[in-house]
Structure formats: C-alpha cells, structure tokens
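With the numbering used here applied, the sequence shown covers 102 to 403. Yeah, the Cβ is synthetic: ideal placement off N, Cα and C, and Gly gets one too. Notes to accompany the following structure.
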Amino acid sequence: MLPKYVKIVEVGPRDGLQNEKQPIETTDKIALVNALADAGLQVIESGSFVNPKWVPQMAGSEAVFAGIQRKAGVSYAALTPNMKGFERALEAGATEVAIFAAASEAFSQKNINCSIAESIERFAPIMEAARASNVPVRGYVSCIAGCPYEGAIAPAKVADVSQQLFDAGCYEISLGDTIGTGTPAQIEQVIDAVTRSLPVNKLALHAHDTYGQALANIYRALQLGVSVFDSSVAGLGGCPYAKGASGNVATEDLIYLLDGLGIEHGVDLQAVVDAGQRMCDLLGRSNNSKVARALLAKCRVD
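And the structure:
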C-alpha cells in the first residue's frame with residue numbers, strides 16, 4: 102500500500118549547488134532557500150559546513166543561514182562532516198544537521214580520507230553534542246547500489262552502516278544511490294536488507310538520476326513503505342567524488358509523480374518550477390527537470 106503523505110527533503114541549496122564551478126552570490130542562495138520555503142517545502146538542506154578548500158561553493162553557508170527569512174514549521178538543515186562543522190552550524194542557527202558515511206570502503210577513503218569504521222567513530226562527539234543541544238541528526242549512507250571505485254555494493258553492507266548510524270542516534274537514515282546506477286530490483290533488495298532491523302518509517306531514499314531510474318526507484322520504494330524522499334530543485338547536483346554522477350532527482354518530477362498517485366506532500370509545484378528556473382537562468386544551464394521544461398514550454402505556447 103502506498104503512503105498517504107510523503108515528506109520531501111529539499112537538498113538543492115546544498116547538494117544541488119555544491120558541485121557548481123562558477124561563483125554563486127550569497128543573495129541568490131538565500132533567495133532560493135526562501136522561495137523553496139514559500140513553496141511549502143518543510144525540510145531544506147540550506148548549506149554545508151565543510152572546509153571550503155574541499156567544497157568552495159559552500160564557503161558562505163554562515164551568511165546564507167544568517168540571511169534567510171525563517172518560516173515557522175520549516176527545518177533548515179546543514180551538512181556537518183566533523184565537530185568543527187557542527188559547531189559552526191549550531192552557531193549559524195541550523196535546526197538540524199546531517200552526517201554521512203558510505204557503504205563502500207573505497208568511496209569513504211576518497212570522500213573523507215578514512216575508513217567506514219573511522220568515519221562513524223568521528224561522528225561520536227557530534228552525536229553527543231547534538232543530544233546536549235537537542236539538535237536532530239540525520240544520517241546519510243552513500244553508494245547503496247553501486248560505487249565508482251568498487252562497483253556493486255552488497256545490501257548487507259548498506260544495512261550494517263545504516264544500523265550503526267541509527268544506533269549512534271540518527272533519527273532518520275537517508276539511503277543514497279550516489280552514482281545513480283540503482284534499479285528498482287536493487288532498491289528493493291537494499292530496503293529489504295535494511296528493514297530487517299530498522300523500521301521503514303526511519304528510512305529515506307536519496308536518488309540520483311544518472312541512468313534515468315530515479316523515479317522508478319522512488320515508486321518501488323513507495324510500494325515498500327518508504328515515505329521520505331530527498332530531491333533537488335531543477336535536478337541540480339552531482340557528487341565531486343563520483344565522476345559521471347548526474348543530479349539528484351528533480352523536486353518538480355517527484356512532485357508530479359506524487360500528484361499522479363494522489364499522495365499528499367504540501368508543496369506548490371509551480372512555485373518550485375519558478376524557483377528552479379530562476380536558478381538555472383542565473384547559472385546559465387539547462388533545467389534538468391522534465392516536468393519543469395514541459396510546464397515552461399506549455400506556458401510559452403499558451
């Protein structure tokens with residue numbers, strides 16, 4: 102049975118923009134976050150407190166958090182890879198934070214220069230500080246279906262890392278198909294493995310659309326009881342440590358799917374289309390959302 106309501110976690114302002122090479126004005130990032138909140142999105146990953154040496158585009162995250170017009174009921178999240186990042190996020194006013202581990206040893210080494218076990222150990226001080234500050238922590242698991250360095254990843258490995266993050270105190274585990282190679286059958290295998298020990302209502306799916314399977318994977322996850330999905334406005338995004346990975350599934354395309362299935366989500370599709378197109382115009386790039394392109398073309402014809 103499909104869920105009646107889906108929570109959409111908008112990752113565009115962080116995951117969507119972090120891979121852009123050209124500088125983006127802080128005012129434009131703030132405007133994007135505000136527009137997405139106005140559209141009805143209730144969780145917006147608004148920045149990342151990482152070393153700007155590694156992700157230059159996120160260097161101004163403090164200014165973004167300082168400049169947004171906060172709406173009641175909206176959670177403004179931040180990615181925090183270490184204790185220093187957590188402290189910066191807390192000071193900036195992030196209402197929740199996210200940590201990340203990989204289901205692939207090779208990817209973990211390439212991404213954060215340590216093993217999976219070491220990465221989870223590093224998060225212990227963050228989890229302790231978050232509990233003391235009453236800040237929710239979300240956990241990401243990368244490479245759930247495939248790794249650019251190792252190839253196929255065993256579902257049992259995904260389940261093991263997910264369990265460790267959950268046991269550490271993460272309130273939700275987002276399963277990331279980082280390079281977008283997953284198929285509905287693989288996603289089913291992963292969810293089946295993870296839900297042998299974790300409740301399905303503690304899971305989210307973070308789908309990339311590199312091989313055009315993101316919506317099919319989301320539909321299969323919906324059928325299996327998942328009701329939280331990450332997406333990026335205009336399909337912006339990619340991964341600097343996964344060559345060839347395209348953007349996240351577009352928020353517009355996800356909304357259209359949910360609308361067609363009669364699943365509530367509380368987000369205004371046209372407002373998201375407009376926000377995404379404004380950012381694409383600023384970046385001088387095409388809109389990766391098929392729904393947005395179709396709706397915008399229809400408006401021009403009408």
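Would DSSP call Gly-247 helix, strand or coil? Here DSSP, grouped into helix, strand and coil, assigns Gly-247 to strand.
Looking at C-alpha atoms only, which residue of Pro-153, Asn-152, Ala-136 and Val-151 is the closest neighbour of Ile-145? For Ile-145, the nearest C-alpha among the options comes from Ala-136.
Start-to-end residues for the beta strand (DSSP E) that takes in Glu-197: Taken as a continuous stretch (DSSP letters only), the beta strand (DSSP E) holding Glu-197 covers 197-203.
Cα separation between Pro-341 and Asn-120? Reliability fails at Pro-341, whose pLDDT of 48 lies under 50, so the model's placement of it is uncertain and the value that follows must be treated cautiously. About 6 Å.
Extent of the continuous beta strand (DSSP E) run through Val-110: Note, Val-110: beta strand (DSSP E), 108-111.
Proximal residues to Gly-186 (C-beta, below 7 Å), its chain only, five neighbours per side dropped: The residues are Phe-150 and Val-151.
Touch test, the segment 377-394 against the segment 351-360, Cβ-Cβ under 8 Å, three pairs minimum: The segment 377-394, when compared against the segment 351-360, does touch it at the 8 Å Cβ threshold.
Under the three-state DSSP convention, the category Tyr-241 falls into: Here Tyr-241 sits in strand by DSSP.
Excluding the 5 residues preceding and the 5 following Lys-172 in the sequence, name in chain order all residues of the same chain whose CB lies nearer than 8 Å to its CB. Contacts found: Ala-138 and Asp-139.
Helix or strand or just coil, what does DSSP make of Val-350? In this structure, Val-350 counts as coil in the three-state DSSP scheme.
Which residues bound the beta strand (DSSP E) around Phe-330? Residues 329-332.
Going by other Cβ atoms of all chains shown within 10 Å of its Cβ, with 16 needed for buried, is Ser-234 buried or exposed? Under a 10 Å Cβ-count criterion, Ser-234 is classified as exposed, with fewer than 16 other Cβ atoms of the shown protein chains found around its own Cβ.
What's the call for Gln-170, buried or exposed, on a 16-neighbour Cβ count within 10 Å? Exposure of Gln-170 is indicated by the presence of fewer than 16 other C-beta atoms within 10 angstroms of its C-beta.
Are Ile-125 and Val-165 close, meaning C-beta to C-beta below 8 Å? Contact flag unset, no.
Spatially closest choice to Tyr-106 from Ser-328, Gly-361 and Ala-335, by CA coordinates: Cα-wise, what sits closest to Tyr-106 is Ser-328.
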